[in-house]
Amino acid sequence: MTIQTVRGVRDILPEESGRWLFLEERARRILAQYGYRELRTPVFERTELFARAVGETSDIVEKEMYVFEDRGGESLCLRPEGTASAVRSFIEGSRHRSLPWRVFYLGPMFRYERPQKGRFRQFHQLGCELFGPEGPLADAEMMALVLRLLREIGIAGAVTLEINSLGCPVCRGPYRERLTAHLESVRAALCGNCQRRLERNPLRVLDCKEENAALLEAVPQMRDHLCGGCAAHFQGLVGHLERLGLPYRINPLMVRGLDYYHRTAFEAVAEGLGAQNAVAAGGRYDGLVAEMGGVATSAVGFAMGLERLLLLMDESLGGAIAPEVYLVVAGDEGVEGYGLGVAEALRGAGFRVEMHLTGGGMKSQMKHAGRSQAPLTVIVGQQEAQEATVMLKQMESGTQESLPVGGLVERLRQLTG
Ligand code: HAM
């Protein structure tokens, strides 16, 4: 019996990792442009961190966390998201003393969800968290960053930015009551899951993926019940987006699946991904730092799912990196040693060199050279080893030349520009 990967979890194979690298490098460049620096938090944390931050009644905490007890009897879990860890780190490091604190993270997250297209049990998020600024300017800058990232990898055209306001503790309580009253009046028409949500977290009913759409049209909307401060914040955000010329759509039914949001919530939604269509999502969480025991600090952030971005990204971007030189060696151990010396000298000069290490005749080795996609092949045989020369072949034209090994780096520089 061979052992296979766990359901919903997969390898990123060498054929694909070039695309990942491309995406990560582009993202890192843009994050640096906006002043974000990387925060690397552990992949496991105390279970309580997420229970408190993400919310006891959220799907993530109720059904999706990988929870285990360590040998000391402590309840730990694999992180299902990055915001709670960033908040923990913010509080632990007393970062409120020098605001703003801008951080990004990039790495695997874990959720026990039903695997499907674009949904995995181990997936990768790139997330940003910005602590300090209270106004809508920060929200707008963050959305500009998300859209720039999507443009940079060529998928902005397939994505719509949706925004909403979820209010604050002042206005959400009364709204929640109105919503609950309304939903109670149509309870019989709700799906079973929503009937349960109605008791515990009525806002989540708005997020129902079942056939409740018609029902939800008549529902009271948070946006019509915002307090003065929240309404001004949302108006301010819309004004900034308009001035920047950033395309957006107001989605009054967007609620998000995590409980920590205040005011702004947003999602970047893609066509062509099916049900799992959010490529990025986030919002403001002004109350979370204080709730978690820190000095009250406003914050806003988002995370994007890298697997989903890669599903949308053009196939041609970030392909495998071919060697510049393939080194073919035909001869005894002495010749092979000479060949290895040549390869090392070229690498020392900065070239990507793949050396043929498994023997075989010249013909079969040349076949490997062709398959490697290297534009140049260096061939070393008995005669070359004796005379301290090499044979250099330009693969496209087939041109061959013999030259002293001492002149090889110079010649390769000429040919590769
Ligand atoms: P989230 O909406 O749970 O938010 O996840 C953010 C993004 O992660 C999603 O839009 C999606 O692209 C990706 N994602 C989530 N679950 C999966 C999965 N099972 N498989 C593949 N991709 C997935 C958060 O996690 C918040 N922490 C975002 C945030 C940061 N809010 C403020 N700061």
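Residues 11 to 427, numbered by my numbering, are exactly what the sequence shown covers, in order. Glycine included, each C-beta is placed from N, C-alpha and C at the ideal position. Keep in mind that this is a model prediction, so the values were computed, not measured.
With 16 or more other Cβ atoms inside 10 Å of its own Cβ, GLU277 counts as buried. For VAL310, the secondary structure class from DSSP, reduced to helix, strand or coil, is strand.
Per DSSP, GLY349 is one residue of the alpha helix (DSSP H) stretching across 343-358. Between PRO143 and VAL310, the CB-CB gap stays under 9 Å.
Distance from ALA379 to VAL339 at the Cβ level is roughly 11 Å; contact not present, criterion being Cβ atoms closer than 8 Å. Taking 4 residues as the shortest admissible run, the segment 225-274 contains the following complete alpha helix (DSSP H) segments, listed from N- to C-terminal end: 238-254.
Going by C-alpha positions, LEU254 is about 9 Å away from ALA150. Shown here, ASN203 sits in a helix according to DSSP, grouped into three states. Counting the other CB atoms within 10 Å of its CB gives PHE361 a total of 16 or more, which places it among the buried residues.
One alpha carbon belongs to GLU26, the other to VAL97, and they sit about 33 Å apart. Cβ neighbours of THR426 within its own chain (closer than 7 Å, five residues either side excluded): GLU334. The three-state reading of DSSP puts GLY315 in strand, counting E and B together. If you draw a straight line from the Cα of THR67 to the Cα of ARG210, it is about 7 Å long. Restricting attention to alpha helix (DSSP H) runs no shorter than 4 residues, the segment 100-171 encloses them at 146-162, ordered along the chain. In the structure shown, GLY371 adopts coil according to DSSP, grouped into three states. The shortest C-alpha to C-alpha distance from THR307 to any of GLU139, SER85, ILE22 and ARG259 is the one to GLU139. Shown here, LEU31 sits in a helix according to DSSP, grouped into three states. Straight across, the Cα-Cα distance linking VAL305 with ALA42 is about 27 Å. Between the ligand HAM and the CB of ALA61, the shortest heavy atom gap is not smaller than 8 Å. Judged by DSSP secondary structure, LEU402 falls within the beta strand (DSSP E) whose first and last residues are 399-404. Looking only at GLY246, GLU194, ARG233 and PHE244, the smallest Cα-Cα distance to LEU225 is reached by GLU194. Around the beta carbon of MET153, 16 or more other beta carbons sit within 10 angstroms, so the residue counts as buried.
Going by DSSP, TYR185 is part of the alpha helix (DSSP H) stretching over 179-195. Secondary structure at PRO212: helix, using DSSP grouped into helix, strand and coil. For GLU346 and GLU325, the gap between their C-alpha atoms comes out near 38 Å. Annotated as distal: GLN375 and LEU386, with beta-carbon spacing of 9 Å or more. Here DSSP, grouped into helix, strand and coil, assigns THR387 to strand. The C-beta distance from TYR295 to TYR258 rounds to 20 Å, too long to meet the 8 Å contact threshold. Closest by C-alpha distance to PRO262, out of ARG36, ALA300 and GLU172, is GLU172. DSSP, read as helix, strand or coil, puts ILE331 in coil. For the set ASP80, GLU123 and PHE141, the Cα lying nearest the Cα of HIS106 is the one of PHE141.
When secondary structure is reduced to three states using DSSP, GLN14 falls in the coil class, being assigned neither helix nor strand.
Apart from the 5 residues on each side of it in sequence, ARG36 sits with its Cβ closer than 8 Å to the Cβ of LEU159, GLU162 and ILE163 in its chain, given in chain order.
Residue range 77-79 is occupied by the beta strand (DSSP E) that includes GLU79. The alpha-carbon separation between TYR185 and GLU84 amounts to approximately 39 Å.
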